[in-house]
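Colleague: 1 is the number of the first residue of the sequence shown in full-length UniProt numbering; add one for each residue after it.
Ideal Cβ positions, reconstructed from N, Cα and C, are used throughout, including at glycine.
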Amino acid sequence: MFCAFSTRANRLVVDHLGVSLAVEGSLSGNAEAEKGRKKGYLLYLKTSEAWWFLESLGEELTGFCSDEIGGGRNSFFFLLCDLALEMEKQSKIGALEKLQSLRSFRMDKQKSFRLGDRQQSFKERKSKESPGKRGDLELHLAARAGNALHVQKILAECGEEQLKKLINKQNQDGEIPLYVAAERGHVEVVREILKVSDIQSAGIKAKNHYDSFHIAAKHGHLEVLRDLLQSFPALAMTTNSLNSTALDTAATQGHVDIVNLLLETDASLAKIARNNGKTTLHSAARMGHVDVVKAILEKDPTMGLRTDKKGQTAFHMAVKGQNVEMLMALLEPDKSIVNLEDSKGNRPLHIATRKGYPKASDMEVLSHHFLDIVGTLLQVEGIEVNAVNKAGETALSIAEKLANEDIAADIAAILREFGAVIAKEPANTATAAKQLKQTVSDIKHDVQSQLKQTRQTEKKVQKIKKRLKKLHLGGLNNAINSNTVVAVLIATVAFAAIFQLPGSFVSDAEEGFTPGQAYIADNAAFIIFLIFDSLALFISLAVVVVQTSLIVVEQNAKMTMVFVMNKLMWLACLFISVAFISLTYVVVGKHDSWLAWSTMAIGATIMLTTLGSMIYFVIIHRIEEKNMRNIRRNPTSRSHSLSMSVGSDSELLNSEFKKMYAL
Numbered sequence: 001m002f003c004a005f006s007t008r009a010n011r012l013v014v015d016h017l018g019v020s021l022a023v024e025g026s027l028s029g030n031a032e033a034e035k036g037r038k039k040g041y042l043l044y045l046k047t048s049e050a051w052w053f054l055e056s057l058g059e060e061l062t063g064f065c066s067d068e069i070g071g072g073r074n075s076f077f078f079l080l081c082d083l084a085l086e087m088e089k090q091s092k093i094g095a096l097e098k099l100q101s102l103r104s105f106r107m108d109k110q111k112s113f114r115l116g117d118r119q120q121s122f123k124e125r126k127s128k129e130s131p132g133k134r135g136d137l138e139l140h141l142a143a144r145a146g147n148a149l150h151v152q153k154i155l156a157e158c159g160e161e162q163l164k165k166l167i168n169k170q171n172q173d174g175e176i177p178l179y180v181a182a183e184r185g186h187v188e189v190v191r192e193i194l195k196v197s198d199i200q201s202a203g204i205k206a207k208n209h210y211d212s213f214h215i216a217a218k219h220g221h222l223e224v225l226r227d228l229l230q231s232f233p234a235l236a237m238t239t240n241s242l243n244s245t246a247l248d249t250a251a252t253q254g255h256v257d258i259v260n261l262l263l264e265t266d267a268s269l270a271k272i273a274r275n276n277g278k279t280t281l282h283s284a285a286r287m288g289h290v291d292v293v294k295a296i297l298e299k300d301p302t303m304g305l306r307t308d309k310k311g312q313t314a315f316h317m318a319v320k321g322q323n324v325e326m327l328m329a330l331l332e333p334d335k336s337i338v339n340l341e342d343s344k345g346n347r348p349l350h351i352a353t354r355k356g357y358p359k360a361s362d363m364e365v366l367s368h369h370f371l372d373i374v375g376t377l378l379q380v381e382g383i384e385v386n387a388v389n390k391a392g393e394t395a396l397s398i399a400e401k402l403a404n405e406d407i408a409a410d411i412a413a414i415l416r417e418f419g420a421v422i423a424k425e426p427a428n429t430a431t432a433a434k435q436l437k438q439t440v441s442d443i444k445h446d447v448q449s450q451l452k453q454t455r456q457t458e459k460k461v462q463k464i465k466k467r468l469k470k471l472h473l474g475g476l477n478n479a480i481n482s483n484t485v486v487a488v489l490i491a492t493v494a495f496a497a498i499f500q501l502p503g504s505f506v507s508d509a510e511e512g513f514t515p516g517q518a519y520i521a522d523n524a525a526f527i528i529f530l531i532f533d534s535l536a537l538f539i540s541l542a543v544v545v546v547q548t549s550l551i552v553v554e555q556n557a558k559m560t561m562v563f564v565m566n567k568l569m570w571l572a573c574l575f576i577s578v579a580f581i582s583l584t585y586v587v588v589g590k591h592d593s594w595l596a597w598s599t600m601a602i603g604a605t606i607m608l609t610t611l612g613s614m615i616y617f618v619i620i621h622r623i624e625e626k627n628m629r630n631i632r633r634n635p636t637s638r639s640h641s642l643s644m645s646v647g648s649d650s651e652l653l654n655s656e657f658k659k660m661y662a663l
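(1) Using 8 Å as the cut-off, can you tell me whether the stretch 256–269 makes contact with the stretch 224–243, which would need three or more C-beta pairs spanning the two stretches below that distance?
(2) Evaluate residue 209 with the Cβ neighbour count: other Cβ atoms within 10 Å of its Cβ, from every protein chain shown; 16 or more gives buried, anything less gives exposed.
(3) Apart from the five residues just before and just after residue 186, which ones in its own chain have a Cβ nearer than 6 Å to its Cβ?
(4) In angstroms with no decimal places, state the Cα-to-Cα distance between residue 349 and residue 463.
(5) Just to confirm, is the Cβ distance from residue 317 to residue 282 under 8 Å?
(6) Within 10 angstroms of its Cβ, does residue 616 collect 16 or more other Cβ (buried), or is it exposed?
(7) Excluding the five sequence neighbours on either side, which residues of its own chain have a C-beta within less than 7 Å of the C-beta of residue 326, listed in chain order?
(8) On the premise that residue 339 lies in contact with residue 383, defined as a C-beta separation below 8 Å, what is that separation, rounded to the nearest angstrom?
(9) Measuring CB atoms only, is the stretch 486–503 touching the stretch 529–544, in the sense that at least three cross pairs come out at less than 8 Å?
(10) Take residue 575 and list the residues in its own chain whose beta-carbon comes closer than 6 Å to its own, dropping the five residues that flank it on each side.
(11) For residue 142, collect the residues of the same chain with a Cβ closer than 7 Å to its Cβ; drop the 5 residues on either side in sequence, then sort them by chain order.
(12) Which residue from 138, 196, 422 and 136 puts its Cα closest to that of residue 163?
(13) Please state whether DSSP places residue 313 in a helix, a strand or coil.
(14) Could you check which residue in 582, 144, 271 and 261 has the C-alpha nearest to that of residue 604?
(15) What's the gap between the Cα of residue 355 and the Cα of residue 206?
(16) Per DSSP, residue 245 forms a beta bridge with which residues?
(17) Which class does residue 581 belong to by DSSP, given the choice of helix, strand or coil?
(18) So, under 8 Å CB-CB, residue 562 and residue 471 are touching, yes? Tell me the CB distance rounded to an integer number of Å.
(19) Reducing DSSP to helix, strand and coil, say where residue 180 ends up.
(20) Taking the alpha carbon of residue 422 as the reference point, which residue from 404, 414, 398 and 405 has its own alpha carbon closest?
(21) Residue 157 to residue 193, Cα distance in whole Å?
(22) Between residue 204 and residue 198, is the Cβ-Cβ spacing less than 8 Å?
(23) Keeping to the same chain, check which residues put their C-beta closer than 7 Å to that of residue 408; ignore five residues upstream and five downstream.
(24) By how many angstroms is the C-alpha of residue 380 removed from the C-alpha of residue 337?
(25) Check whether the stretch 548–557 and the stretch 565–574 touch, using three or more Cβ-Cβ pairs below 8 Å as the test.
(26) Can you tell me whether residue 295 is buried or exposed, with buried defined as 16 or more other CB within 10 angstroms of its CB?
(27) Which term fits residue 433, buried or exposed, when burial requires 16 or more other beta carbons within 10 angstroms of its beta carbon?
(28) Alpha carbon to alpha carbon, what distance is there between residue 248 and residue 260?
(29) Could you check if residue 439 is buried or exposed, using at least 16 other CB atoms within 10 Å of its CB as the buried criterion?
(30) In terms of residues, what are the limits of the alpha helix (DSSP H) holding residue 282?
(31) According to the neighbour-count rule (16 or more other Cβ atoms, all chains shown, within 10 Å of its Cβ), is residue 415 buried or exposed?
(32) In three-state DSSP terms, what is residue 169?
(33) Buried or exposed, going by whether 16 or more other CB atoms sit within 10 Å of the CB of residue 309?
(34) Starting from the C-beta of residue 305, find all residues in its chain whose C-beta is less than 8 Å away, skip the five residues before and the five after it, and write them out in chain order.
(35) At which residues does the alpha helix (DSSP H) containing residue 415 begin and terminate?
(36) Given that a residue counts as buried once 16 or more other Cβ atoms are within 10 Å of its Cβ, and exposed if not, what is residue 451?
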């Protein structure tokens, strides 16, 4: 059975069950309407085994639900009723959409649940099946919800080893339970977890490089910080990846009460600078938090003289804003900071003129603030209005270069009232120095461009080399396969030729012959045929055996094998040609011997021309390869070759790789 809900915008998030639900309205119904209106609870009960959780919430809730649940602990229910979380301080945004999500979720659960005798404990299923969107454990969820009683119960049920693992367990964002509670500002939960924590566990950082102390300072949870400091004072010294302390983070956010607390704990915290050299005072001044700046200067008035890696003080940062009160607070300890220069020789007046210039979209609103900043600086006793920076510029020189002519005229007028002038003579020196700097910058840019182009060329060459090497290996493999096929064909022809002789064989015993003997066995031409045919046959068989038995991986070894096998195949082709020509003399007879001579002339011409060409290509390839090795060994030639080849990839590649060569 279900409890009915009337609609009125209130949002309740039930993190303890690992499900976020948004519901409008207060409880109404039958006999339980009065208690529903008093408490306004939402109970999401999956099975009767969640009864232990109801008991942990108090007698009032269990009494409220007893009529609904009854004694049915052996059945499964899909019941939406009160859950013991008060519906207050919750956002009303998106309540109707969340209600639809709740109804859809309830229907899906009703479809997926199966009634049966097998039951699991609520705790076991909670930890295994519902870890939360962030990979939260039950302790994370309880800490996030601020349920101190449930946190206390979870911690009490764990042994010593299990407890240490539990409080150090991080979710997907690297957050431990203490971090979650500190981020939400749940003081009671933080106190419960601190009872079983040590300095190592409390200092564990999340993926954002914040620990529990740091995140509490960022969100302004003062009481949480008090408890953390009381337990582990050393946490105040921890930093994030930027070397920023909790004091720096609190100052950036403007939490003056937290700044005062941390300064009372250790005033030296204000001196810890970030990686860029900026201190807490820099951060507060840039963000315009006057109270924070006053608190820091009250503890240490010399902090206003500290500079960052750019040589800028907090006063340099303050003039970039529009807060005159901030300037007065920084000037109070020591007015001499108005003339301090940064690494580029810029004084606060230079920066106020250049950086304090408002954007076009904010011109009407901020221009008067901008003029107030410049005017305030000009009224400071001892300010040097015509100070020149390292670029040879005075404040008036900068003002006249501003893009907006109206603002430039206003600023220039104010500066001239206080005696500002344009630096002329130093400007010439500065111009020469600027030109020299520009020349050096251009040369540097050209060199970098050339180096970049050279690297790109080398990458292209390497890619082409790899591609050609792959093609080379493919050619070698094709040559090996071709040799094998040709060797098999020659062996087949040579083997069959001995049994296909002209003149037939002796079939019956005859005088001077044996059965099976060829009638031309005594012929000299036949003897030559037999010798060369046998040579061609067995050379081909040897090539087949070698190439089907050896597996060569290394490129040079593969080239050597192809070279040897090629030469053997040349011999096999030559021998089979001689065998063919010699047998021709037997076939045509003595009367037509001119035919045999013609055959020999044709065969000799073709074979000698082919073999001669191959030998020529081999020799040329060897000579070019030797010359290339000599060039590589000679440093002078090599550097000259590289310098000549940077502009032309094709020349470099053609000098090392050929489209065709013979082995």
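Modeller: In terms of the structure at hand:
(1) yes
(2) exposed
(3) 146
(4) 56 Å
(5) yes
(6) exposed
(7) 285, 288, 290, 293 and 318
(8) 6 Å
(9) yes
(10) 532, 535 and 536
(11) 16, 150, 151 and 154
(12) 196
(13) coil
(14) 582
(15) 36 Å
(16) 239
(17) helix
(18) Wrong, their Cβ atoms sit about 15 Å apart, outside the cutoff.
(19) helix
(20) 398
(21) 14 Å
(22) no
(23) 399, 400 and 402
(24) 10 Å
(25) no
(26) buried
(27) exposed
(28) 12 Å
(29) exposed
(30) 280–287
(31) buried
(32) coil
(33) exposed
(34) 313, 334, 337 and 340
(35) 405–417
(36) exposed
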